[in-house]
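J.: Residue numbers (our numbering): 416 to 653. Built from N, CA and C at the ideal position, the CB exists for glycine as well.
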Ligand code: SF4
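1) Between 475, 468 and 503, which lies nearest to residue 586 when the distance is taken from Cα to Cα?
2) By Cβ distance below 6 Å, which residues in the same chain neighbour residue 455 in space, the five residues on each side in sequence not counted?
3) Starting from residue 587, trace the beta strand (DSSP E) both ways and give me its first and last residue.
4) Residues with a Cβ closer than 5 Å to any heavy atom of the ligand HEM, in chain order?
5) Find out if the Cβ-Cβ distance for the pair residue 643, residue 540 is shorter than 8 Å.
6) Bridge partners for residue 507 per DSSP, in chain order?
7) Using DSSP with H/G/I as helix, E/B as strand and the rest coil, what is residue 613?
8) If the criterion is Cβ atoms closer than 8 Å, does the pair residue 549 and residue 508 meet it?
9) When you compare only the Cα positions, how much space is there between residue 698 and residue 526?
10) Taking just the CA atoms, how far does residue 472 sit from residue 583?
11) Who are residue 620's beta bridge partners in DSSP?
12) Taking residue 646 as part of the alpha helix (DSSP H), name the residues at either end of that continuous run.
13) Who are the near neighbours of residue 608 in its chain, counting only those whose CB is closer than 8 Å to its CB and skipping five residues on each side?
14) Starting from the N-terminal side, write out each stretch of the alpha helix (DSSP H) that is 4 residues or longer and does not extend beyond the segment 487-543.
15) Closest by CA to residue 559, which one among 626, 518, 647 and 645?
16) For residue 480, which three-state DSSP category applies?
17) Where does residue 567 fall in DSSP's three states?
18) Could you tell me the distance, in whole angstroms, from the CA atom of residue 521 to the CA atom of residue 499?
19) If we ignore side chains and look at the alpha-carbon of each, how far apart do residue 470 and residue 627 end up?
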């Protein structure tokens, strides 16, 4: 193959991937995740993209996140934390943002809260943690572990939209108030929302407590585990 035909082949592959990502996002009904809920009916999904297309879409997000300076959180980060997990995950967990350990390692939920999350995934869902996808609303650590501000979340959420469009999880578990309120566009607190599935935009959401809260409030852990059993029941639905 000549140099120019190889370049054309690569360009065609990039264009095809980009078009597939746009179609996947549209068909997956994730438009509303851009902080402005649309009321359009969600078209029935066509055949899911194959695993390698999903991997490429997720890798592209991680690459763009690594170079992103779209909000002020880029100033204090050590590493970006795009999220990780199976491209074929049936469940996606979404927290609010990376903490100190995550910032240092570039991986989501690696501290004590992450250990509890992974234990609950194993014990309540019966899944290996590598079979799910774990991400956050913002991909850079907010200072002092504060919740992301509205402008930061708005700047970062397109990356999450693309991850959702690539993975197409059957259930999106929102962890804690900031994640739940951002994704469901509500001011209701997690105590009222937890454990109740919300079907929106072609996806099923299940709000629950953030595992950090469960570490600070051990009596709430049984409720958190009960929520995970709701997720398990949702996954068993046809
Ligand atoms: Fe970019 Fe998101 Fe990091 Fe802000 S938090 S700099 S939008 S990757």
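T.: Well, looking at it:
1) Here the question's residue 586 lines up with position 171 in the chain shown. Among 475, 468 and 503, the Cα nearest to that of residue 586 is on 503.
2) Translated into the one-based positions of the chain shown, residue 455 becomes position 40. Unreliable placement is indicated for residue 455, whose pLDDT of 42 sits below 50; the coordinate value is still reported in the next sentence. So no residue of the chain qualifies.
3) Within the chain shown, the letter at position 172 stands for residue 587. Its beta strand (DSSP E) spans residues 586-590.
4) The model depicted lacks the ligand HEM and carries the ligand SF4 instead.
5) Start at 1 with the first residue of the chain shown, and residue 643 comes out as number 228. Start at 1 with the first residue of the chain shown, and residue 540 comes out as number 125. Result yes, Cβ atoms of residue 643 and residue 540 sit closer than 8 Å.
6) On the chain shown, residue 507 is found 92 positions in, with the first residue counted as 1. In the DSSP output, where bridge partners are listed per residue, residue 507 has 548 and 587.
7) As a first step, residue 613 must be located in the chain shown, where it is residue number 198. DSSP places residue 613 in strand when its eight states are reduced to three.
8) Against the chain shown, residue 549 aligns to sequence position 134. Against the chain shown, residue 508 aligns to sequence position 93. Yes, these two residues count as a Cβ contact at 8 Å.
9) No information on residue 698 is available, as it lies outside the stretch 416 to 653 that the chain covers here.
10) For the purposes of this step, residue 583 is identified with residue 168 of the chain shown, where counting begins at 1. For the purposes of this step, residue 472 is identified with residue 57 of the chain shown, where counting begins at 1. Rounded to whole angstroms, residue 583 to residue 472 spans 12 Å at the Cα level.
11) As a first step, residue 620 must be located in the chain shown, where it is residue number 205. Paired residues: 587 and 613.
12) Here residue 646 refers to the residue found at position 231 of the chain shown. Where residue 646 is concerned, the enclosing alpha helix (DSSP H) stretches over 636-651.
13) Position 193 of the chain shown holds residue 608. These residues qualify, in order along the chain: 595, 599, 601 and 622.
14) 515-520 and 527-535
15) Here residue 559 corresponds to residue number 144 of the chain shown, with the count starting at 1. Per the Cα distances, 518.
16) Along the chain shown, read from residue 1 onward, the residue named residue 480 stands at position 65. If DSSP states are grouped into helix, strand and coil, residue 480 belongs with the helices.
17) One-based indexing of the chain shown puts residue 567 at position 152. Note: residue 567 maps to helix in three-state DSSP.
18) The residue you call residue 521 lines up with position 106 of the chain shown. The residue you call residue 499 lines up with position 84 of the chain shown. So the two alpha carbons sit approximately 10 Å from each other.
19) The residue given as residue 470 occupies position 55 in the chain shown. The residue given as residue 627 occupies position 212 in the chain shown. Straight-line Cα distance between these residues: approximately 29 Å.
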